[in-house]
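These notes are about the structure you will find just below.
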Amino acid sequence: MKQALKWWVGLCFCLSIIVPQGLRGEDITVVTEDWRPYNYAEGGKIVGVSAEIVEAVLQKARVSFTHQLFPWDRSYKMALEDKNVLIYTIARTPEREKLFKWVGSLAPRMVYLFKLKKRTDIRLTTLADAKRYKIGVVREDATTKFLLKKGFVENRQLEIVATEEINQRNLFAGKIDLITGNELSIAPQINGLGLAYADVEKTLLLVKGDYYMAFSRTTDDATVNRVKKALDDLRKEGLVKKVTTKYLSY
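Here the numbering used here is used: the first residue of the sequence shown is 96, the next is one more, and so on.
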């Protein structure tokens, strides 16, 4: 009996060494939105510049996870309220700083106001000029919150919807005057809708910064720190630059 007990204790000890630390315990739920070229569904898989970096980082950190696409407001709500959630591609703003545990940047962020080229009547020099027009924005998006803070009013200057694609269709249909976004995401989205990005032009630069990956506040610090280190290591190894070049040059 003593011999059998010794064998069992020894086996358990060995298993505790063999099983990777990051693969024990609860899975991480990874959430984002459908937003080319950063994160989108293709061939039954979530791909894109941010998606590929995030998956590589979690695998290197030996963290088990599930990966899901939702409308942005749902992903954002999950990251705020649920346990062990990782959200990306998310703008890091002063208002959000204490709401999440930030891991690191994934890609540069430059958000503009866009209009149809044929709308020669729209001329923007300052942000105040934009208050004369109806702007399509996305619910819970950092740019939406930026404009609200600057005095833009929902249902007056701002048309708040669930996705950028809705705004892009509304822009071409003449239902709104301007949309927000960056060149890298808007071009493939508009062309993918059967519309022509060549008919659109950027006007005013609204905000500049980076897009990040971040954990919900309830996530264990050890997991967050391990993922931070994995991102730093992959950046030094050149993977982040390689993935960025692959997607942002197409």
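Glycine included, each C-beta is placed from N, C-alpha and C at the ideal position.
Q) Alpha carbon to alpha carbon, what distance is there between Y306 and R85? A) Beyond the ends of the chain as shown, which are 96 and 345, falls residue 85; an answer cannot be given.
Select from K324, A202, L242 and G139 the residue whose C-alpha is nearest the C-alpha of R251. As a position in the sequence shown, residue 251 is number 156, starting the count at 1. Of the listed residues, the one whose Cα sits closest to R251 is L242.
> Three or more beta-carbon pairs under 8 Å between the stretch 310-319 and the stretch 282-290, yes or no?
Replying inline: Contact fails: fewer than three Cβ-Cβ distances are below 8 Å.
* Roughly how many angstroms separate the alpha carbons of A293 and K213, rounded to a whole number? -> For the purposes of this step, residue 293 is identified with residue 198 of the sequence shown, where counting begins at 1. For the purposes of this step, residue 213 is identified with residue 118 of the sequence shown, where counting begins at 1. Per the coordinates, the alpha-carbon of A293 lies some 11 Å from the alpha-carbon of K213.
Can you find at least 3 beta carbon pairs, one from the stretch 320-327 and one from the stretch 156-165, that sit closer than 8 Å? Contact holds between the stretch 320-327 and the stretch 156-165, because three or more Cβ pairs, one in each stretch, are under 8 Å apart.
If I measure Cβ to Cβ from F209 and keep anything under 8 Å in the same chain, skipping five residues before and after, which residues do I get? Along the sequence shown, read from residue 1 onward, the residue named residue 209 stands at position 114. Residues of the same chain with a CB within less than 8 Å of the CB of F209, apart from the 5 flanking positions on each side, are L266, L273, I274, T275, G276, I281, V295, E296, K297 and T298 in chain order.
Margin query: At the level of alpha carbons, what is the spacing between Y76 and L334?
Written below: Residue 76 is absent from the structure shown; the chain starts at 96 and stops at 345.
- Query: Are Y171 and E235 closer than 8 Å when you measure CB to CB?
  - Reply: As a first step, residue 171 must be located in the sequence shown, where it is residue number 76. As a first step, residue 235 must be located in the sequence shown, where it is residue number 140. Taking 8 Å as the cut-off, the beta carbon of Y171 is found closer than this to the beta carbon of E235.
Would T238 and V206 qualify as a contact pair, given that the criterion is a beta-carbon distance under 8 Å? Translated into positions along the sequence shown, residue 238 becomes position 143. Translated into positions along the sequence shown, residue 206 becomes position 111. In contact: T238 and V206 (Cβ atoms closer than 8 Å).
- Message: Quick check on the DSSP output: what are the complete beta strand (DSSP E) runs of length 3 or more inside the stretch 253-337, in order along the chain?
- Response: Restricting attention to beta strand (DSSP E) runs no shorter than 3 residues, the stretch 253-337 encloses them at 253-256, 273-276 and 295-311, ordered along the chain.
When the distance is taken between beta carbons, is V126 closer than 8 Å to M173? Mapped onto the sequence shown, residue 173 falls at position 78. Mapped onto the sequence shown, residue 126 falls at position 31. M173 is a Cβ neighbour of V126, given a cutoff of 8 Å.
Worksheet item: Does the distance from the CB of R227 to the CB of G304 come in under 8 Å?
Response: Stepping through the sequence shown from its first residue, residue 227 is reached at position 132. Stepping through the sequence shown from its first residue, residue 304 is reached at position 209. At a Cβ-Cβ threshold of 8 Å, R227 and G304 do not count as neighbours.
Requested in this report: State the beta-bridge partners of A202 as determined by DSSP.
Outcome: Walking along the sequence shown from the start, residue 202 turns up at place 107. As DSSP reads the structure, A202 sits in a beta bridge with Y306.
Exercise for the section: Under 8 Å by Cβ, that's how I've got E128 and F160 pegged, so tell me the actual separation to the nearest angstrom. Expected result: Looking up residue 128 in the sequence shown gives position 33. Looking up residue 160 in the sequence shown gives position 65. The C-beta separation of E128 from F160 comes to about 17 Å, leaving the pair out of contact by the 8 Å criterion.
Exercise. Would you please verify whether the beta carbon of D328 is less than 8 Å from any beta carbon of chain C?
Key: In the structure shown, chain C does not exist; there is a single protein chain.
- Query: Nearest CA to the CA of A291: which residue from D316, M308, R264 and V302?
  - Reply: Here residue 291 is taken as the residue at index 196 of the sequence shown, counted from 1. Nearest C-alpha to A291: R264.
Q: Check whether the Cβ atoms of G231 and E260 lie closer than 8 Å to each other.
A: Taking the sequence shown and counting its residues from 1, one reaches residue 231 at position 136. Taking the sequence shown and counting its residues from 1, one reaches residue 260 at position 165. Their beta carbons are not under 8 Å apart, which means G231 does not touch E260 by this criterion.
Exercise. The alpha helix (DSSP H) spanning F241 covers which residue range?
Worked result: One-based indexing of the sequence shown puts residue 241 at position 146. Counting along the chain, the alpha helix (DSSP H) containing F241 begins and ends at A237 to K244.
On the premise that S145 lies in contact with L201, defined as a C-beta separation below 8 Å, what is that separation, rounded to the nearest angstrom? Taking the first residue of the sequence shown as position 1, residue 201 is located at position 106. Taking the first residue of the sequence shown as position 1, residue 145 is located at position 50. For L201 against S145, the beta-carbon gap comes to about 5 Å, under 8 Å, which counts as contact.
Buried or exposed: T318, going by 16 or more other Cβ atoms within 10 Å of its Cβ? Residue mapping note: residue 318 aligns to position 223 of the sequence shown, counting from 1. With 16 or more other Cβ atoms within 10 Å, it is buried.
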